[in-house]
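> Right, I'll just put the structure down here and ask away after.
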Amino acid sequence: MANYLAQFQSIKSACDHIVISVEDVSDLWPTVKNAFEERLPFKRAILNNKTRNPVLVDKLPAEFILTTDARLRSRFPQEQLLFWFREPYASIVLVTCEDLDEFKTILKPRLKLIVQNDEREWFIVFVSKAHPNNDQATKMAKKVYARLEVDFSSKKRERCCKLDIHGPEPNFWEDLEIKIIESIRNTLDRRVQFYEDEIRKLSELRFMPIWNFCNFFILKESLAFMFEMAHLHEDALREYDELELCYLETVNMTGKQREFGGVENGDEEAALLNFENKPLTQIVQDDSFREFEFRQYLFACQSKLLFKLNRPFEVAARGYTFIISFSKALTQHENILPFCMREVWIITACLALISGTYSNYNEGLAAPDIEKEFYRLLGDLYSLCRVKFMRLAYIIGYGSDIERSPINSASLSMLPWPKPSVWPSVPPDASSEVLGKEKLILQATPRVKHFFIQRKPLPLEPSVLLREANRRRASFSAGNTFEMFDGRSAIDGSGSDAPLRMSSLNKAQTISMSRTNSSPGFGGSIDRPMRLAEIFVASEHALRQTISNPSLWKSLSSVEEFEQKYLELTKGAADNYHRSWWKRHGVVLDGEIAAVFFKHGNFDLAAKSYEKVCALYSGEGWQDLLAEVLPNLAECQKILNDQAGYLSSCVRLLSLDKGLFSVKERQAFQSEVVSIAHSEMEHPVPLDVSSLITFSGNPGPPSVLCDGDPGTLSVTVWSGFPDDITLDSLSLTLAATYNADEGAKALKSSIATVLKPGRNTITVDLPPQKPGSYVLGVLTGQIGQLRFRSHSFSKVGPADSDDFMSYEKPTRPILKVFNPRPLVDLAAATSSPLLINEAQWIGIIVRPIDYSLKGAVLHIDTGPGLTIEESHVIEIESYIEVSQRAGDIANSNSALNDCFLSDNKDFERLSLHDGRIQLPDWASNVTSILWIPVCAIDNNLARGSSTVNPQRQSIVDGMRTIALKLEFGVSHNQIFDRTIAVHFTDPFHVSTRVADKCNDGTLLLQVILHSEVKATLNIFDAWLDLQDGFVHTGKDDGRPISGFFPLVVSPTSRAGILFSICLGNTIAEVEDVAVQPESLLNIRYGIFGDRTAGAHPPVTAESNGSEGTRQDLIFRSALVLQRPVLDPSLAVGFLPLPSDGLRVGQLINMNWRVERLKEFDQSKDYQCNDEVLYEVDANSDNWMIAGRKRGHVSLPTEQGSRIVISVLCVPLVAGYVRPPQLGLPDIDQANISCNPPGPHLICVLPPALSSSFCIPA
Amino acid sequence: MIVCVAVVGHQNNPLYIQSFTEEDDALKLHHIVHCSLDVVDERVNNPKKSGPTLNETFLGLLYPTENYKVYGYLTNTKVKFILVTTDLDVRDADVRNFFRRFHAAYVDAVSNPFHVPGKKITSKTFAERVSTIVKSFGLSSAG
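In order, the protein sequence lines correspond to chains A and B. Position one of the first sequence corresponds to residue 1 (our numbering), numbered consecutively onward. Position one of the second sequence corresponds to residue 1258 (our numbering), numbered consecutively onward.
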């Protein structure tokens, strides 16, 4: 059967659709052909799949072929069975007949003949040529068709249908289609069944020696092909999958050593999507196929079906695994395959898969996750291709152009070298090429990294190529010499000139060694170990043999071409990874693209890509990898003159783990930063050094300030710079925790600060802040022209390098500013009054409230009527609360008090300058009392009170104010204002009364002294200077008997002195002395008081205050004495009322007579002597008064002049009522005598009856 | 041979990475581990893919490459363990067993009160224990 393979292939390629045979009995086909073929392809066909489940097939292609056609005629029966799939799936018998007899006699037997013995699915189409207008013909056609149905249709199956050529028959085509599809379905089912049976039979023999895979393959593929023809791609795919499984099973069966294949020219070009690459007949190997070609063929068939099923992503997925597994197979057979065949095959396979799947892929075809997966696979394919391409490039000597990046190292250094049985040798005429390569090797200098970073380059090779290649040469068994110098060449991997020179030195030795076992197949020239350049040249020549694809070879022909292809592959991989889930892969590949850009001076694009890579690594904290890329970015930025970027890159480099760079390198980074900072920067940029300079408050509780106070703040700053760095200025912002809106305040320390590496403590001045608590905000500063800022807050130690996640705001306040509160209190020491007109100490208690008054200055401003005794110094002493020494006060012993005060050590005398006093330092934290000597001036003489002159002094008279202003705080920023009221008073208040009037005219005048002060007063003497009209009785100076003195008056108590006086004139003796209107009481007294309690002895110039010297003070008080009135000067007489009594409502005249009894006293100070003020006083309930109640009447001043005042009154109520009274308000009661006196009560009768009220109208 | 083991934090930051190669090429292993996070992410974020193994910590083979294999393991706290081996013939059970022991060592290391969660593991004991586990992995797979 295997012989049919060629035929099978040709059949397969010849027909790719279902065939429907047409038996044209009545030569009708030309007439209906077009109409029939219009129905193709069938729009909706329901077919059964292998598991007999209905499957809807859209657009089933088919072909109508006449049975007379050569294609159907010339077939042998056996062929028919074997290639049954190509046989017609339905048979249509086209007939027409217009005569029933003709049908019966001719047509029917013929039809019977056609349909009998035939397993074909057939049915008859009766074509009626009758014109619709021709009733006869129509009828006849109907009859014939009815007959036809009776004869050929059965109950089970309708096998007839009728087509009216001239009449519209809409149902016919539908009917026809249904019948055709039904036939196809039935045929298909039957044939599937047949093939399955055959395959099963064959499968059972699988482990027999007679088993022939080719036969199995033909059957299986026939089935698959049939499914494919019927558009049941899913089933076809399954057949191919089974076929592949079966093949792999058999191919791996031991015992049969088969040829692998792949040695033909052009085989290295992968044909995994091209199933027509090689005819199957060419790859037949005994009873099976060569693995190399056949597996690719199977995959191509599968992918063709998958493309038809619109599943290109599945092709990619299967393709990738196929490439990997096929690559393994290639590895196994590598020794028979051409040099680097595996690599080339993979490259071409990947590229073919990529272009194949991509061209069959439409965006949005699949669900998003499948799409992502698809792009990921494309990315994988690209990167696999890229790796193999790099490997080839390395082998032919482009290794120095491959970036030694982690990704390239990871993919290349773990990828074994190709393992040909014999490493290719240098062709004889290639010495110029070798020289060229050697030149290239010598010229290739490893790129010096920016900042002179020294890194051992990452390996790109699994082992040293030199050794590997030489070992694989048949003539050479790796000698010890090689091991020796290869070990050195491994240091730089790419093989610099040093080992090459060494190899030439050792040439002689190695040649002599190797001569013995050189194989005859190789010339003598290769008996020595090959040099690297020779290996490259040899590989290049071998590869040229291997690679048949000119474009691939072109890509390897020069470094430029290689780079272009490399870039294309890398970009393809990166782009596809970017569209998939594998972002990291994409970004890392971007970095590779950047390296190429960089090499070609396209720094702009390189920087962009490098930035992406750096962002990826730094975002996730992969510092080792970052340290590899970041210098490249920095270099790009430097070349591009992107100072901001370059600086930030330097800072990032500095803030990486310290172990990643040597101290020298780190110092280079720093010097870059510093030199740029101090250079002329075109656009000074702010630089974020958060990762490098971190700061924190000092541990412990936050510093505390009162509102309005400046202060200093100590901050710990950690520097990550490797060397000392000078900050030209530094400022810190404070952020209030309570108020986010409030802009952070900057604290500046403009002096240059040198930060040591590690911990530094910096103190900044703190201007007054608003109340609240503050945290550290941002650290800003300048290095040269460069402004930098750091947001990073370190807790205790330096910020850990992987602190990027715990980037949190400090929450611990560093500063607390309290709300405004009283910081100091100024108060008067005593509330009891002081002596007026005497020098007195005012005590002012200065009480700091948890606040230092260091350097405080007190401004004193006295109010009107108060002066500071400038001649005296001001005293200050520490103060103990009154309550503490209440007991001492109770004793009220001044000596004791003095002792008490002297116990206190703090006592100082201060002087006043411009109304200011500087408080001493010792008083800054303790309550102190400030004694200020003052004198309250009152020029008015104290007046005594008496019954004659009852007014009392107002307390305001003795009030004086003293305005105090205390400036304190660190910079006198705190001000406390207070005005203190001080009460001054005379020592006594004097009141007098006449204690007794003696018969002999002597008056006992009692003078009562009220002590006004809280101090003991000693009266040493008292005398009374009497006013005119009074004289002392004894004609002496009026002093009390001296034996009474001293008279001690306790605080706030009273004392009385009696003076005996009488009326009399004393002016006779001294005429010129002015008449004294007031008496004057003189008291000589002493005071014993404590200034802490109140009034005290006046401040003397000596101001010693000791009690030895007694100071006598004089107190004067004016007294007004009045002579008693002995003779009234006016008489008021009430004139009698009419005798008939008074009646209510009756008008009466009340008359009073006023008479001057004696001449008016000149001394009395009355201005209007001839006028008298009168006033009538009456109860308005009882009386109605007509006329003026008050007025002046003229009364001559001569004695005996009189006047009558009459007032018209109406009594209002009946009964005894008090009559109106006449008063003279201007004249003392004593000067008025009532003669005759008015009645106390008078009788008022009810009103007289009036008849007029009773008269009816 | 196991060439590299790594612990990667839940924010994909390396917590511990140790290579067991003689050459000075740890960086390429860093790269492999870092890129394998793509696969872990994909498995975790793509519920369809991780459907049946959603609750399993062992992520299995992450990378089917030609020359090395990367296995992953994801703890409940989203800490990833990555294993890179050049053995191309590795039994799944061996890897599972390895990760189980590695996880136990990790838990012990982070239970140290002086360890700051989310920071790199610097414990020497942990490193020693890991290298023991790695060595014993080689033995068990060989034997």
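Note that beta-carbon positions come from the ideal geometry of N, C-alpha and C, so glycine has one too.
So if I threshold CB-CB distances at 7 Å, which residues from the segment 597-631 of chain A count as touching chain B?
GLU620, GLY621, TRP622, ASP624, LEU625, GLU628
> Out of curiosity, what's the CA-to-CA distance linking THR716 (chain A) and THR694 (chain A)?
Whole-angstrom Cα-Cα distance: 8 Å.
> With DSSP collapsed to three states, give me the class of THR862 (chain A).
strand
> Sort A:ILE20, A:ARG110, A:ASN134, A:GLU204 by Cα distance to ILE181 (chain A) and report the nearest one.
A:ILE20
> Pull up the distance between the alpha-carbon of CYS161 (chain A) and that of ASP175 (chain A), whole angstroms please.
7 Å
> Applying the criterion that 16 or more other CB atoms from any shown protein chain within 10 Å of the CB defines a buried residue, is CYS1243 (chain A) buried or exposed?
exposed
> Out of curiosity, what's the CA-to-CA distance linking LEU966 (chain A) and ASP707 (chain A)?
16 Å
> Could you work out which residues of chain B lie near ILE324 (chain A), taking near to mean beta carbons separated by less than 7 Å?
PRO1321, GLU1323
> Which value, in whole angstroms, describes the spacing of the CA atoms of GLN136 (chain A) and PHE83 (chain A)?
49 Å
> Rank B:CYS1292, B:ARG1348, B:GLY1329, B:MET1258 by C-alpha distance to the C-alpha of PHE1277 (chain B) and give the top, closest one.
B:MET1258
> Measure how close the beta-carbons of ILE876 (chain A) and ALA923 (chain A) come, nearest whole angstrom, since I'm counting them as under 8 Å.
Between ALA923 (chain A) and ILE876 (chain A) the Cβ distance is about 6 Å, and since that is below 8 Å, they are a contact.
> Check MET1184 (chain A) in the structure and name its three-state DSSP category.
strand
> Taking the Cβ atom as the reference point for each residue, do ALA1362 (chain B) and VAL1341 (chain B) lie within a distance shorter than 8 Å?
no
> Can you pull out the residues from the segment 634-659 of chain A whose beta carbon lies closer than 8 Å to at least one beta carbon of chain B?
none
> When burial is assigned at 16 or more other CB atoms within 10 Å of the CB, is THR985 (chain A) buried or exposed?
Here THR985 (chain A) is buried: its Cβ has 16 or more other Cβ atoms, across all protein chains shown, within 10 Å.
> Would you decide whether ASP267 (chain A) is buried or exposed? Buried here means 16 or more other CB atoms lie within 10 Å of its CB.
buried
> If you draw a straight line from the alpha carbon of CYS246 (chain A) to that of ARG200 (chain A), how long is it in whole angstroms?
13 Å
> Could you tell me which chain A residues have their CB closer than 7 Å to the CB of ASN1269 (chain B), listed as they occur along the chain?
GLU620
> What do you reckon, are the CB atoms on HIS17 (chain A) and PRO61 (chain A) nearer than 8 Å?
yes
> Within the same chain, show all residues whose beta-carbon is closer than 6 Å to that of ALA603 (chain A), passing over the 5 residues directly before and after it, in chain order.
Checking the sequence shown, residue 603 (chain A) turns out to be Phe, not Ala. Cβ neighbours of PHE603 (chain A) beyond the five flanking positions: CYS636, ILE639, LEU640.
> DSSP has MET414 (chain A) in a bridge; who is on the other side?
Answer is none; MET414 (chain A) lacks a bridge partner.
> Please tell me whether LEU458 (chain A) has its Cβ less than 8 Å away from any Cβ of chain B.
yes
> Would you say CYS1261 (chain B) faces chain A, with C-beta separation under 8 Å as the test?
no
> May I ask you to report which of helix, strand or coil DSSP gives ALA146 (chain A)?
For ALA146 (chain A), the three-state secondary structure derived from DSSP is helix.
> Taking Cβ positions, are PRO1220 (chain A) and MET1150 (chain A) nearer each other than 8 Å?
yes
> Whole angstroms are fine: how far does the CA of LEU858 (chain A) sit from the CA of ARG1091 (chain A)?
A straight line joining the alpha-carbon of ARG1091 (chain A) with that of LEU858 (chain A) spans about 21 Å.
> Is the shortest distance between the beta-carbon of HIS233 (chain A) and the beta-carbons of chain B less than 8 Å?
no
> Mind pulling the chain A residues with CB within less than 7 Å of LEU1318 (chain B)?
Within chain A, no residue comes near LEU1318 (chain B); the closest Cβ sits about 13 Å away, beyond 7 Å.
> Nearest to GLY261 (chain A) by CA position, among A:LEU248, A:GLY436, A:LEU272, A:GLN285, is which residue?
A:GLN285
> Just checking my contact of LEU1135 (chain A) with ARG1156 (chain A) at CB under 8 Å: how many whole Å lie between their CB atoms?
No, LEU1135 (chain A) and ARG1156 (chain A) are not in contact; Cβ-Cβ is about 17 Å, not under 8 Å.
> Going by DSSP in three states, HIS913 (chain A) sits in which element: helix, strand or coil?
strand
> When the Cα atoms are used, what is the spatial distance from PRO933 (chain A) to ILE874 (chain A)?
7 Å
> DSSP beta-bridge partners for PHE452 (chain A)?
DSSP lists no partner for PHE452 (chain A).
> Assign LEU378 (chain A) to one of two classes, buried (16 or more other C-beta atoms within 10 Å of its C-beta) or exposed (fewer than that).
buried
> Please report how far the alpha carbon of LYS748 (chain A) lies from the alpha carbon of ARG821 (chain A), in whole angstroms.
28 Å
> Give the residues of chain A in contact with HIS1291 (chain B), contact being defined as C-beta atoms less than 7 Å apart.
Within chain A, the residues whose beta carbon sits less than 7 Å from that of HIS1291 (chain B) are ARG584, TRP622, LEU625, listed in sequence order.
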